[in-house]
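K.L.:
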Amino acid sequence: MVKVSVDLLLRNGIVIVEGREKRRSVAIRTGKIEGIYERGMEPRAEKTIDCDGRYILPGVIDIHVHLRDLEQPDKEDYISGTRSAAAGGVTTVVDMPNSQPPVLTREVLDMKIERARQGRHVNVGFYAGIPAESERFHASTKIDVLGLKVYPHAPLDGSTFNLKRIEESLKLANEMRLPLLFHPDSAQPMVKVRSVEHYLETHSCDSEVESISQFIRIHKEVGGRLHVCHVSCAASAKMIIDNRAEDRLTAETTPHHLFLSDADFSHEDGTAKMLPPLRTPQDNQALRDALCKCGIDVVASDHAPHTLGEKMTSFINAKSGIPGLETIVPLMLTEVFEGRFSWVEYLRMCSSGPANLLGLLGKGVLSKGYDADVIVVARESYPIEGKKFQSKAKVTPFEGKTVNARPVVTIIGGNPVYEDGKFLVGPGSVGTVPVRPLIRPRNT
Ligand code: DOR
Ligand code: ZN
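The structure is reproduced here in structure tokens:
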């Protein structure tokens, strides 16, 4: 039998086959996975990467990322943000619309797409916001976005949010055949926070639950697809589980809401300040349980970079948000290696689940015919160190935490972009921008 030649062979690594670790090689041809082979059965390859003892996995699809750029390149730009993704083992990111300026017009989206095309090291998809008058939403936007996102506690146009706007947003999302994502928080916009306690009270679990209940109530009347971002509380997880209707109501949580709790931090500065805030160990456990029983679908980083000055000030004055692209894979795989998540759970939460949720049906699975967005991970123990991040944001509440998984190779569409701490190609040469769904998720 003549063996065909492939472009790239990831030789002799560990691949998850039907939930079990197996020694296998992965071949890649014309940007797709060509096959997974037992020893001695591998095809000839133009290039080979030795993966002995290392894990070959589908890259993470991170559906909640703020890449900033435009008027906020001091926080992050598409080059640094997608370098951060590539170094972190994240092969596709989906960029949130609360940039400066926000994505409320086709023009701003076009600017972001152009900047991301030039700066990309990984695949980049986008969400759009919804103007106060939803009929002003430009229908041509829909082809280039993966969903619409609203922030009831901080509307992107600086206005206020009410129940009528929830209904209009859901109706618009249905019309566009896109999911509506929302930040669950019913705090009044523009509340002037007076103290740490006041901040935590303003953005409490009650506020999160109230917001989720409002959206779910209206969603039941209007229909369509509704996605709850960064669920942080046990009561929210319960409400979602009680109201799930297959893929019409979906939810995500973050590594920080899974693994950290508020009492572990001193609140002297903004290191552990984010929205939603960190909660309690009981909430951590409830989120974990909800994920494992598919009540919460996916894990996303909510990578939200700010400048050093914006974080290293008093808690009240600090900006909310932490970098997450370079910690999501190490943290989640440490759970796998220490037996707290199974491989099947990890792959669903971080790769295939996010792909399904956004209709990226050629992505998220390491199997013949899928896009070759692949990472190689070494099992190795080391502390997280923010100063080593590729992101411009280097302050992390995970500082010093020991993890035991290190992404060492990142391959985008069959092209190795990052290997052992080095970038192999310049920005703007690999990856797809914007990422579009292969098949639109059904809406009704
Ligand atoms: O902590 C957060 N930071 N939560 C958000 O919802 C927004 C984000 C940001 O853009 O900084
Ligand atoms: Zn966010």
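In terms of the working numbering, the sequence shown opens at residue 3 and continues consecutively. Glycine is no exception: its CB is placed at the ideal position from the N, C-alpha and C atoms.
Let me know the beta strand (DSSP E) ranges lying completely inside the stretch 227-266, each 3 residues or longer, listed in chain order.
P.N.:
For the stretch 227-266, whole beta strand (DSSP E) runs of length 3 or above, ordered along the chain, are 228-230 and 251-255.
K.L.:
Indicate the three-state DSSP secondary structure (helix, strand or coil) for Ala141 in the structure shown.
P.N.:
The answer is helix: DSSP assigns Ala141 an H, G or I state.
K.L.:
Taking the beta carbon of Glu223 as the centre, do at least 16 other beta carbons fall within 10 Å, making it buried, or is it exposed?
P.N.:
So Glu223 counts as exposed.
K.L.:
With DSSP run on the structure shown, which of helix, strand or coil describes Ile58?
P.N.:
Here Ile58 sits in strand by DSSP.
K.L.:
Can you find at least 3 beta carbon pairs, one from the stretch 177-187 and one from the stretch 132-148, that sit closer than 8 Å?
P.N.:
Output reads yes: the stretch 132-148 touches the stretch 177-187.
K.L.:
Leaving aside the five residues before and after Pro429 along the sequence, list all residues of the same chain whose C-beta is less than 7 Å from its C-beta, in chain order.
P.N.:
Result list for Pro429: Ile81, Gln120, Gly121, Arg122 and His123, in chain order.
K.L.:
Would you grab the beta carbon distance between His518 and Ile214 for me? Rounded to a whole angstrom, and I think it's under 8 Å.
P.N.:
Within the shown structure, residues of the chain are numbered from 3 to 446, placing residue 518 beyond reach of any answer.
K.L.:
Does the distance from the C-beta atom of Glu44 to that of Leu10 stay below 9 Å?
P.N.:
Result no, Cβ atoms of Glu44 and Leu10 do not sit closer than 9 Å.
K.L.:
Terminal residues of the continuous alpha helix (DSSP H) containing Leu165?
P.N.:
Counting along the chain, the alpha helix (DSSP H) containing Leu165 begins and ends at Leu165 to Glu177.
K.L.:
Comparing C-alpha positions only, which one of Glu347, Glu312, Leu262 and Val419 sits nearest to Lys77?
P.N.:
Checked all of Glu347, Glu312, Leu262 and Val419; the closest Cα to Lys77 is Glu312.
K.L.:
Let me know the secondary structure DSSP gives Ile386 once reduced to three states.
P.N.:
Here Ile386 sits in coil by DSSP.
K.L.:
Along the chain, where does the alpha helix (DSSP H) containing Thr204 start, and where does it finish?
P.N.:
Segment Val198 to Thr204, the alpha helix (DSSP H) holding Thr204.
K.L.:
State the DSSP-derived secondary structure class of Ala292, mapped to helix, strand or coil.
P.N.:
Ala292: helix per DSSP, three-state reduction.
K.L.:
Select from Gly361, Glu382, Arg381 and Ser353 the residue whose C-alpha is nearest the C-alpha of Leu368.
P.N.:
Nearest of Gly361, Glu382, Arg381 and Ser353 to Leu368, Cα basis: Ser353.
K.L.:
Does the Cβ-Cβ distance between Ser383 and Val410 come in under 9 Å?
P.N.:
Not in contact: Ser383 and Val410 (Cβ atoms no closer than 9 Å).
K.L.:
Could you check whether the Cβ of Gly323 sits closer than 8 Å to any heavy atom belonging to ligand 2?
P.N.:
Yes, the beta carbon of Gly323 sits closer than 8 Å to at least one heavy atom of ligand 2.
K.L.:
Quick one: does the C-beta of Asp97 sit closer than 8 Å to a heavy atom of ligand 2?
P.N.:
Not so, every heavy atom of ligand 2 lies at least 8 Å from the Cβ.
K.L.:
Check each candidate in Pro385, Asp299 and Asp291 and name the one with the smallest Cα separation from Ala236.
P.N.:
For Ala236, the nearest C-alpha among the options comes from Asp291.
K.L.:
With 16 other CB atoms within 10 Å as the buried threshold, where does Gly15 fall?
P.N.:
Per the 10 Å Cβ criterion, buried.
K.L.:
With H, G and I counted as helix, E and B as strand and the rest as coil, what does DSSP make of Ile51?
P.N.:
Ile51 falls in the strand class under three-state DSSP.
K.L.:
With contact counted as at least three CB pairs below 8 Å, one residue from each stretch, are the stretch 182-196 and the stretch 204-211 in contact?
P.N.:
Yes: at least three Cβ pairs fall under 8 Å.
K.L.:
To the nearest angstrom, how far is the alpha carbon of Arg22 from that of Asp159?
P.N.:
Cα to Cα, the separation comes out at about 49 Å.
K.L.:
Taking only three categories from DSSP, how would you classify Glu337?
P.N.:
Correct three-state label for Glu337: helix.
K.L.:
Short of 7 Å in beta carbon distance, which residues of its chain neighbour Leu440, apart from the five on each side in sequence? Order them along the chain.
P.N.:
Excluding positions up to five away in sequence, the list reads Gly361, Leu362, Leu363 and Gly364.
K.L.:
Roughly how many angstroms separate the alpha carbons of Glu40 and Val301, rounded to a whole number?
P.N.:
Spanning the two alpha carbons is a distance of roughly 31 Å.
K.L.:
Roughly how many angstroms lie between the CA atoms of Lys194 and Ala156, to the nearest whole one?
P.N.:
For Lys194 and Ala156, the distance between alpha carbons rounds to 13 Å.
K.L.:
May I ask which residues mark the beginning and end of the beta strand (DSSP E) holding Val39?
P.N.:
Position check: residue 39 holds Tyr in this sequence, whereas Val was assumed. Per DSSP, Tyr39 belongs to the beta strand (DSSP E) from Lys34 to Tyr39.
K.L.:
Report the option in Ala274, His221 and Glu340 whose CA atom is closest to the CA atom of Asn470.
P.N.:
The requested residue 470 is not part of the displayed model; the chain covers only 3 to 446.
K.L.:
Can you tell me whether Ala156 is helix, strand or coil according to DSSP?
P.N.:
Residue state, collapsed to three classes: coil.
K.L.:
Rounded C-beta distance between His66 and Val96? I'm assuming under 8 Å.
P.N.:
Their Cβ separation, rounded to whole angstroms, is 7 Å, which keeps His66 and Val96 in contact under 8 Å.
K.L.:
Tell me, please, whether the stretch 377-392 touches the stretch 410-426 by the rule of three or more beta-carbon pairs shorter than 8 Å.
P.N.:
Verdict: yes, contact present.
K.L.:
If you draw a straight line from the C-alpha of Arg444 to the C-alpha of Lys403, how long is it?
P.N.:
Because the pLDDT of Arg444 is 46, which lies under 50, any placement of that residue in the model is unreliable, and the number read from its coordinates should be weighed accordingly. Going from the Cα of Arg444 to the Cα of Lys403 covers about 41 Å.
K.L.:
Using three-state DSSP, classify Tyr129 as helix, strand or coil.
P.N.:
Coil, per DSSP.
K.L.:
On the DSSP bridge assignment, give the partners of Phe425 in chain order.
P.N.:
DSSP output for Phe425 lists Tyr420 as bridge partner(s).
K.L.:
Going by DSSP, name the residue or residues bridged to His305.
P.N.:
Partner(s): Val67 and Ile324.
K.L.:
Where does Val4 sit, in a helix, a strand or coil, going by DSSP?
P.N.:
Summary for Val4: the model assigns pLDDT 47, below 50, so the residue's position carries little reliability; its value from the coordinates is reported in the next sentence. Reduced to three states, the DSSP call for Val4 is coil.
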